[in-house]
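Under mature numbering (1 follows the signal peptide of the UniProt record, and there is no 0), the residues of the sequence shown are numbered -20 to -1, 1 to 264, in order. By construction, the Cβ of each residue, glycine as well, lies at the ideal position given by its N, Cα and C atoms. Quick notes on the structure that follows.
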Amino acid sequence: MKKKILIFVTLLAFFGLTLAGCSNDKKSVAQEANTTDTWSSIKKRGRVIIGLDDTFVPMGFREKNGKLVGYDIDLAKAVFKQYGIKADFQPIDWNMKETELRNRTIDLIWNGYTITPARKKQLMFSRPYMANRQVLVTKTKDNITSFKGMKGKTLGAQTSSSGASLLDEHPAMLKNYIKNKTPVLYDSFNNALMDLDDKRIQGLLIDSVYAGYYISKEKDPSSYRVTRGGFTGEDFAAGMRKGDKTLKKKVDQGLQHLANTGELQQINKKWFGNSNNSLIKPEK
């Protein structure tokens, strides 16, 4: 009997060591993937894979015919065209974006991606290229003119968005006023805006660039009210693995070149008209 117990214990120890070894191997692979400079591989295959939420108007979204368009689509294509590299866009679950990057299923996150301290711990950012902020969108007839006006009302936000993070980081600013002190979370702003129109929610915390573009395309823009509140501004940038220092350098240089040639200004005008939130100016 003692012999059987000894064999059983030995087997358990063996399998425990095996599983621990596999776990350590996985960690090593993940760490290596996050610290490797992949520019030579990207250059060799002639394409870069960019992860995005394909419902984020106007940064990257699908037209009725299914074609993928948007500000960030045009911008990324223009940057990599300078290096003879094709930009391929991969729709992803926005809640899993950092995981997709870490697992190397994508090379970049480029889709109205906000720089935050928490994200900086996980990855590296390109230079910021556009200013943005979180705003509250409501229906004008509801007469909500401040964040405090959302007291007891239902607020919508996108899952894993910078807006949702700000709600948690600064609850006294808005979260503590809303119904149950908890927002309704959506996979996309499109669904949230439809619920706002259908009165299922009374407010939506959303990126100002998205809100401005969406409202301008509506039949009655005046039926919406945009309230800035007290959240500070934020910047958009492309996110990449910490080891991709050459990729960062190429993206940063490419953005500056577009500003110097005037192509960046043309892209800005195409999507935002005379409104210019660009943070990259031509070099003198």
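If you count every other CB in all the chains shown that lies within 10 Å of the CB of residue i, and 16 or more means buried, which is it?
i	result
residue 52	buried
residue 31	buried
residue 228	buried
residue 283	For the chain, the structure presents residues -20 to 264; residue 283 sits outside this window and is missing.
residue 26	exposed
residue 33	buried
If you drop the 5 nearest sequence neighbours on each side, which residues of the same chain put their C-beta closer than 6 Å to that of residue i?
i	result
residue 15	223
residue 245	none
residue 3	In this prediction, residue 3 scores a pLDDT of 48, lower than 50, which makes its location untrustworthy; no coordinate-derived value is stated.
residue 75	139, 140
Just to confirm, is the Cβ distance from residue i to residue j under 9 Å?
i	j	result
residue 203	residue 119	yes
residue 39	residue 190	yes
residue 238	residue 55	yes
residue 59	residue 231	yes
residue 67	residue 57	yes
residue 205	residue 124	yes
residue 155	residue 148	yes
residue 63	residue 234	yes
Which same chain residues, not among the five before or five after residue i, have their C-beta less than 7 Å away from its C-beta?
i	result
residue 111	213, 215, 257, 259
residue 167	139
Quick one: grab the DSSP three-state call for residue i.
i	result
residue 93	coil
residue 145	helix
residue 198	coil
residue 205	strand
residue 112	strand
residue 80	helix
residue 214	strand
residue 178	coil
residue 88	strand
residue 70	strand
What does a CB cutoff of less than 8 Å around residue i pick up in its chain, not counting 5 residues either side in sequence?
i	result
residue 114	142, 143, 146, 185, 186, 187, 188, 209, 211, 214
residue 65	22, 23, 26, 27, 28
Nearest CA to the CA of residue i: which residue from the options?
i	options	result
residue 240	169, 261, 246	261
residue 131	183, 101, 22	183
residue 263	243, 236, 167	236
residue 247	150, 198, 109	109
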